[in-house]
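Worksheet for the structure shown next.
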Amino acid sequence: MALSECSLEMLQYLKLKSVNDLFSDIPKDVRINGLQLPDGLPEIELRRELEAMMSVNKPASSQPTFLGAGIYNHFIPAAVKTIMMRGEFITSYTPYQPEISQGMLQSCFEYQSFMAELTGMDVVNASMYDASTGLGEAVLMAHRISGGDKFLISRAVSPEKKLVAKIYAKGADIELIEVGYDKGTGLVDLQDLKSKLTDEVAGFYFETPNFFGPIETQSQEIRQMLVNRMMVVGVNPMALALLRPPGDYGADIVVGDAQVFGSPMNLGGPTIGVFGCRSEHVRKMPGRIIGMTNDIEGRRSYCMTLQTREQHIRRSKATSNICTNEALLAVATAAYLALVGRNGLREIARKNIENMRSLSSRINSVKGFKAPRFDAYHFNEFIITSESDPVKIHKALLSRGVHGGLVLDQRFPELGHSSLYATTEMHTKQDHDKLISALEGIR
Amino acid sequence: MTYHQAVHDVPSLFEGCETPLPGERFDPTLGGMLPASLVRSELDIPDLPERDVVQHFVNLSQMNFGVDNGLYPLGSCTMKYNPKVCDEVVGMRTVADIHPLQDPSTIQGALRLMYELEKMLCEIGGVDAVTLQPAAGAHGEFTGMHLVRAFHEANGEKRKEVIVPDTAHGTNPASAAMVGYDVLELPSKDGCVDVEAVKSSVSKDTAAFMLTNPNTLGLFEKDVCEIAGTLHDAGALLYYDGANLNAIMGKTSPGKMDFDIVHFNLHKTFATPHGGGGPGAGPVGVKKRLEEFLPVPRITNQGEEYLLDYDRPKSIGKVRAFFGNFAVLVRAYTYIRMQGGKGLVSVSENAVLNSNYLMERLKGNFELPYGQLRKHEFVLSGRPLKAKGLRTLDFAKRLLDYGYHAPTIYFPLIVEEALMIEPTETESKEALDKFVDACEQILKEDPELLKSAPRNTARRRLDEAKAARDMIFSWKAYQKKGQSAGQGPPSA
Numbered sequence: 095m096a097l098s099e100c101s102l103e104m105l106q107y108l109k110l111k112s113v114n115d116l117f118s119d120i121p122k123d124v125r126i127n128g129l130q131l132p133d134g135l136p137e138i139e140l141r142r143e144l145e146a147m148m149s150v151n152k153p154a155s156s157q158p159t160f161l162g163a164g165i166y167n168h169f170i171p172a173a174v175k176t177i178m179m180r181g182e183f184i185t186s187y188t189p190y191q192p193e194i195s196q197g198m199l200q201s202c203f204e205y206q207s208f209m210a211e212l213t214g215m216d217v218v219n220a221s222m223y224d225a226s227t228g229l230g231e232a233v234l235m236a237h238r239i240s241g242g243d244k245f246l247i248s249r250a251v252s253p254e255k256k257l258v259a260k261i262y263a264k265g266a267d268i269e270l271i272e273v274g275y276d277k278g279t280g281l282v283d284l285q286d287l288k289s290k291l292t293d294e295v296a297g298f299y300f301e302t303p304n305f306f307g308p309i310e311t312q313s314q315e316i317r318q319m320l321v322n323r324m325m326v327v328g329v330n331p332m333a334l335a336l337l338r339p340p341g342d343y344g345a346d347i348v349v350g351d352a353q354v355f356g357s358p359m360n361l362g363g364p365t366i367g368v369f370g371c372r373s374e375h376v377r378k379m380p381g382r383i384i385g386m387t388n389d390i391e392g393r394r395s396y397c398m399t400l401q402t403r404e405q406h407i408r409r410s411k412a413t414s415n416i417c418t419n420e421a422l423l424a425v426a427t428a429a430y431l432a433l434v435g436r437n438g439l440r441e442i443a444r445k446n447i448e449n450m451r452s453l454s455s456r457i458n459s460v461k462g463f464k465a466p467r468f469d470a471y472h473f474n475e476f477i478i479t480s481e482s483d484p485v486k487i488h489k490a491l492l493s494r495g496v497h498g499g500l501v502l503d504q505r506f507p508e509l510g511h512s513s514l515y516a517t518t519e520m521h522t523k524q525d526h527d528k529l530i531s532a533l534e535g536i537r
Numbered sequence: 019m020t021y022h023q024a025v026h027d028v029p030s031l032f033e034g035c036e037t038p039l040p041g042e043r044f045d046p047t048l049g050g051m052l053p054a055s056l057v058r059s060e061l062d063i064p065d066l067p068e069r070d071v072v073q074h075f076v077n078l079s080q081m082n083f084g085v086d087n088g089l090y091p092l093g094s095c096t097m098k099y100n101p102k103v104c105d106e107v108v109g110m111r112t113v114a115d116i117h118p119l120q121d122p123s124t125i126q127g128a129l130r131l132m133y134e135l136e137k138m139l140c141e142i143g144g145v146d147a148v149t150l151q152p153a154a155g156a157h158g159e160f161t162g163m164h165l166v167r168a169f170h171e172a173n174g175e176k177r178k179e180v181i182v183p184d185t186a187h188g189t190n191p192a193s194a195a196m197v198g199y200d201v202l203e204l205p206s207k208d209g210c211v212d213v214e215a216v217k218s219s220v221s222k223d224t225a226a227f228m229l230t231n232p233n234t235l236g237l238f239e240k241d242v243c244e245i246a247g248t249l250h251d252a253g254a255l256l257y258y259d260g261a262n263l264n265a266i267m268g269k270t271s272p273g274k275m276d277f278d279i280v281h282f283n284l285h286k287t288f289a290t291p292h293g294g295g296g297p298g299a300g301p302v303g304v305k306k307r308l309e310e311f312l313p314v315p316r317i318t319n320q321g322e323e324y325l326l327d328y329d330r331p332k333s334i335g336k337v338r339a340f341f342g343n344f345a346v347l348v349r350a351y352t353y354i355r356m357q358g359g360k361g362l363v364s365v366s367e368n369a370v371l372n373s374n375y376l377m378e379r380l381k382g383n384f385e386l387p388y389g390q391l392r393k394h395e396f397v398l399s400g401r402p403l404k405a406k407g408l409r410t411l412d413f414a415k416r417l418l419d420y421g422y423h424a425p426t427i428y429f430p431l432i433v434e435e436a437l438m439i440e441p442t443e444t445e446s447k448e449a450l451d452k453f454v455d456a457c458e459q460i461l462k463e464d465p466e467l468l469k470s471a472p473r474n475t476a477r478r479r480l481d482e483a484k485a486a487r488d489m490i491f492s493w494k495a496y497q498k499k500g501q502s503a504g505q506g507p508p509s510a
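Keeping their order, the protein sequence lines are chains A and B. If you're matching positions, the first sequence starts at 95 in this note's numbering and goes up one per residue. If you're matching positions, the second sequence starts at 19 in this note's numbering and goes up one per residue.
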């Protein structure tokens with residue numbers, strides 16, 4: 095490298111002749127001579143190249159897109175970005191020195207407060223990686239509390255999440271067992287659940303709304319059936335603007351993804367895993383937790399707490415290995431919720447339900463399609479069934495400038511020709527019109 | 019000393035929200051779209067004007083310290099400057115507004131970027147294949163340990179133990195335990211892995227050995243080849259914790275050192291911002307014989323087209339939904355393209371030069387255990403402070419008063435009163451000299467100033483025991499028990 099004058103001075107101070115002397119401790123037989131990568135680019139050229147490379151992507155802003163399945167396209171007020179891009183936030187790290195990190199700590203505490211209010215849980219941690227890993231950790235936590243080595247999971251959960259839950263469960267030798275859904279309503283099949291509730295079962299995970307869209311109406315019955323076993327509930331936090339919080343009906347652990355609150359879709363990451371529990375279980379909880387305290391002058395202050403659960407203290411006995419989390423998205427979530435506020439949030443949630451209702455009934459009146467597949471209350475997502483092959487429909491829609499929903503045929507063969515459609519407040523009437531006329535053109 | 023952090027009076031967003039809100043503007047069941055039994059009766063979150071919300075968070079941000087504010091020598095975390103172009107690129111709609119389940123034909127740019135990033139990481143890590151799915155370094159370790167398990171299971175073996183040195187990051191033993199392994203912590207010798215101890219500990223039950231090289235003391239493990247040989251002879255795998263990769267790019271690579279599996283911390287080595295704790299990204303690279311076990315989907319290419327391959331019967335499955343932290347991947351890709359191959363080599367050269375220079379300048383003021391050449395970081399012992407009735411903690415807190423983030427303290431565990439310092443390559447000599455001046459000044463100060471530090475920050479020392487005792491984790495909990503817990507006012 096071309097050494098700057100300062101580098102030379104530093105080398106001289108170290109009594110070294112060349113930079114290579116700094117690497118003299120690396121044995122000769124493992125040395126390599128540089129990297130076979132292209133030369134660096136100046137910012138202007140790099141921007142040009144990346145814009146061109148990405149221009150072949152078709153973002154939801156360029157064509158109406160009806161995908162959901164865990165990642166949703168919601169409106170983000172401009173001020174969310176202003177807040178989360180503050181250099182003091184984005185370039186800091188885990189607040190190990192609380193005196194100089196109160197901004198991040200209070201923001202994360204406010205995130206915890208918003209999510210505790212929405213979920214009705216006593217404690218929500220400062221974030222997990224995403225909903226799927228949150229579920230994985232919930233399975234482990236249920237096992238730590240209840241001890242059983244079997245865990246029940248609703249079939250109406252995304253296949254992606256089930257794969258992630260499975261790998262987390264594997265480490266603790268926990269067997270995951272699926273519980274079926276009612277063919278008419280899409281809700282938990284209580285008979286099937288009952289038949290699988292053996293003594294070794296540590297807990298049960300179901301979602302509301304579930305992967306197919308239906309909102310669960312039998313939570314009380316499920317709670318009673320589980321007795322002392324852990325009830326783990328998956329939520330779409332936005333739906334909780336209107337729905338009863340799981341804390342109300344006795345959930346032990348709540349997981350979800352707060353990507354819906356102020357984070358772009360970003361091809362699915364980063365998102366932010368919500369993880370809440372009841373206070374009696376907090377010492378078994380994974381992840382960072384921010385608590386309120388005082389400084390020595392008696393001023394309200396915030397710090398990370400209950401750290402003896404964590405890997406940097408407890409090492410192999412920690413409740414989880416998580417270190418880096420999604421703190422910046424916790425700031426975005428808190429900023430989003432503060433900006434839209436209580437009434438704004440409920441308006442947005444209402445708009446989602448209205449859009450779902452309207453789109454569903456319009457699709458249902460197109461010949462060859464039925465929607466929604468399940469007779470249930472829905473939030474913003476639902477299944478449509480078609481007479482013809484949904485893969486062909488999907489391709490035909492793409493050629494008409496519409497990205498349809500997720501084709502489910504291979505994932506859930508029992509549902510027949512099915513696709514999962516999501517619609518949010520981002521869709522205008524024109525977007526729906528475009529989909530409907532495209533579907534009419536296809537049949 | 020000129021540093022003074024802002025001290026704003028920032029009440030909770032929820033404060034004042036106790037007064038009843040204006041009534042519902044609509045029927046909670048939305049005219050029967052939801053049943054009365056399923057709707058919530060309360061939602062205690064505030065309704066605030068945008069102006070107030072922005073003020074709230076901007077004032078909070080001013081009570082936070084990031085790399086943009088100043089030197090952040092937090093050892094093992096590689097707090098280098100984060101180039102702003104990387105954030106700008108992520109803001110493009112063609113990056114931010116794409117859905118992970120879109121038809122591959124509509125996300126070709128994104129797939130190409132990830133494909134190329136995998137290839138670049140292969141070159142840097144000396145490995146044959148990379149998955150971008152893990153969301154953080156520890157998540158990469160978790161993935162790597164599952165690859166270890168899958169590898170042995172495919173050979174019909176059920177090995178039970180993972181060995182880590184006692185200098186290992188806490189995530190190493192925690193990750194191995196999460197995958198079902200017993201963990202054996204091996205005492206170090208002269209700050210490095212004791213090869214004889216490895217030889218006597220390795221058995222047919224050993225699944226893997228986890229090592230970071232350079233290690234957490236900043237020392238290069240010279241016996242790495244012998245360690246690798248010992249492990250491989252016993253049929254075990256060698257795992258590379260990439261937290262310290264910033265020290266060796268283009269000089270050696272984990273693959274060259276015969277590691278089988280490696281994770282990369284994109285938020286460290288590749289300059290993606292740490293975000294106050296995250297998001298990060300922890301891609302995992304492997305040698306050819308482990309490729310078939312990587313998570314699905316794999317990104318492949320046929321001519322100009324990029325495809326997703328889920329048909330991988332031996333894959334461990336998925337460690338996270340979708341593709342990983344894509345926005346972090348895009349930033350790291352941008353950084354690597356900006357640096358180029360030669361630039362990355364100078365990154366490591368300057369990181370190591372800065373570290374050794376700073377160590378040489380500071381060591382007379384502290385104790386330097388294991389006095390040799392360091393790589394990207396070094397660990398001092400604050401033991402001499404004890405003579406003045408002080409601890410490393412006091413020194414660290416006083417550094418905050420001078421406008422520096424403190425180093426990592428009390429880690430690694432094998433150094434008494436440890437101060438783990440990593441300046442990174444993005445600090446100038448002038449900045450390092452000023453830091454040394456501040457350290458020397460502090461050591462000359464009245465010990466009482468250190469014990470009562472910090473004073474120039476938004477808060478003084480916290481009662482952390484009270485936080486654990488009171489367990490106030492939300493505004494709701496504060497309302498229930500804040501008064502009785504003697505919780506102070508927010509005001510400065």
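Beta carbons: idealized from backbone N, C-alpha and C, even for Gly. Quick caveat: nothing in here was measured; it's all calculated off a predicted structure.
Query, Result
"Measure the CB-CB distance between B/A471 and B/D488 and report whether it falls below 8 Å.", "no"
"Indicate whether B/G342 and A/G495 have their beta-carbon atoms separated by less than 8 Å.", "no"
"A/D525: buried (16+ other C-beta within 10 angstroms of its C-beta) or exposed?", "buried"
"With distances taken from CA atoms, which of B/L391, B/V346, B/L326, B/E482 is nearest A/G392?", "B/E482"
"Would A/D527 be called buried (16 or more neighbouring beta carbons within 10 Å of its own) or exposed?", "exposed"
"Within 10 Å of its beta-carbon, does A/Y262 have 16 or more other beta-carbons around it, so buried, or fewer, so exposed?", "buried"
"Grouping DSSP H, G and I as helix and E and B as strand, with all else coil, what is B/Y496?", "helix"
"Comparing alpha-carbon positions, which option in B/E322, B/P315, B/L325 lies nearest B/K332?", "B/P315"
"Please list, in chain order, all residues of the same chain as B/H157 whose beta carbon is under 6 Å from its beta carbon, the five residues on each side excluded.", "G300"
"Kindly examine the ligand FMN and report whether one of its heavy atoms sits closer than 7 Å to the Cβ of B/T352.", "Ligands are entirely absent from the displayed structure, and the ligand FMN is therefore not among its contents."
"For B/K447 and chain A, any beta-carbon pair shorter than 8 Å?", "yes"
"Use the C-beta contact count for B/P38: other C-beta atoms within 10 angstroms, 16 or more gives buried, fewer gives exposed.", "In this predicted model, B/P38 has a pLDDT of only 49, less than 50, meaning its place in the structure is not dependable; the value taken from the coordinates is given anyway. Per the 10 Å Cβ criterion, exposed."
"If contact means a Cβ-Cβ distance below 7 Å, which residues of the segment 101-130 of chain B contact chain A?", "V103, D105, V107, M110, R111, T112, V113, A114, D115, I116, H117, P118, L119, Q120, D121, T124, I125, Q126, G127, A128, R130"
"Near A/G278, what residues of its chain come up, given a Cβ to Cβ distance below 8 Å and the 5 sequence neighbours on each side ignored?", "F468, D469"
"Report the neighbours of B/H22 on chain A: residues whose CB is nearer than 8 Å to its CB, in chain order.", "The contacting residues do not exist; B/H22 stays about 12 Å from chain A at best."
"Express the C-alpha separation of B/G88 and A/A421 in angstroms, rounding to a whole number.", "20 Å"
"Please determine, among B/P91, B/T124, B/F340, the residue with the shortest C-alpha to C-alpha distance to A/P153.", "B/T124"
"What is the rounded straight-line gap between the Cα of A/L453 and the Cα of A/A443?", "15 Å"
"So who's on the other strand from A/L397, going by DSSP bridges?", "Per the sequence presented here, residue 397 of chain A reads as Cys, with Leu not at that position. According to DSSP, which records beta bridges pairwise, A/C397 is partnered with A/G385."
"Going by other Cβ atoms of all chains shown within 10 Å of its Cβ, with 16 needed for buried, is A/L507 buried or exposed?", "According to the sequence shown, residue 507 of chain A is Pro rather than Leu. A/P507 should be labelled exposed."
"Taking 8 Å as the threshold (beta carbon to beta carbon), is A/Q130 in contact with chain B?", "yes"
"Can you tell me where the alpha helix (DSSP H) holding B/R349 begins and where it ends?", "344-380"
"List, in chain order, every chain A residue whose beta-carbon is nearer than 8 Å to that of B/L325.", "Chain A residues near B/L325: none, gap ~15 Å exceeds 8 Å."
"Where do the N-terminal and C-terminal ends of the beta strand (DSSP E) with A/K244 fall, by residue?", "244-248"
"May I have the straight-line CA-CA distance separating B/Q151 from B/P313, to the nearest angstrom?", "8 Å"
"Please classify B/P508: does DSSP put it in a helix, a strand, or coil?", "coil"
"Would you tell me roughly how many angstroms separate the C-alpha atoms of B/D121 and B/F340, rounded to the nearest one?", "13 Å"
"How close, in whole Å, do the beta carbons of B/Q73 and B/A476 come, if the pair is a contact with beta carbons under 8 Å?", "With a Cβ gap of about 16 Å, B/Q73 and B/A476 do not count as contacting."
"Just mark A/L102 as buried or exposed, buried being the case when its beta carbon has 16 or more other beta carbons within 10 Å.", "exposed"
"Please classify B/N262 as buried or exposed, where buried requires at least 16 other C-beta atoms within 10 Å of its C-beta.", "buried"
"Report the neighbours of B/R58 on chain E: residues whose CB is nearer than 7 Å to its CB, in chain order.", "In the structure shown, chain E does not exist; the protein chains are A and B."
"Which one or two residues does DSSP pair with B/V148 in a beta bridge?", "B/G303"
"Quick check on DSSP: helix, strand or coil for A/D224?", "coil"
"Any idea if B/F83 is buried or exposed, counting beta-carbon neighbours within 10 angstroms, 16 or more meaning buried?", "buried"
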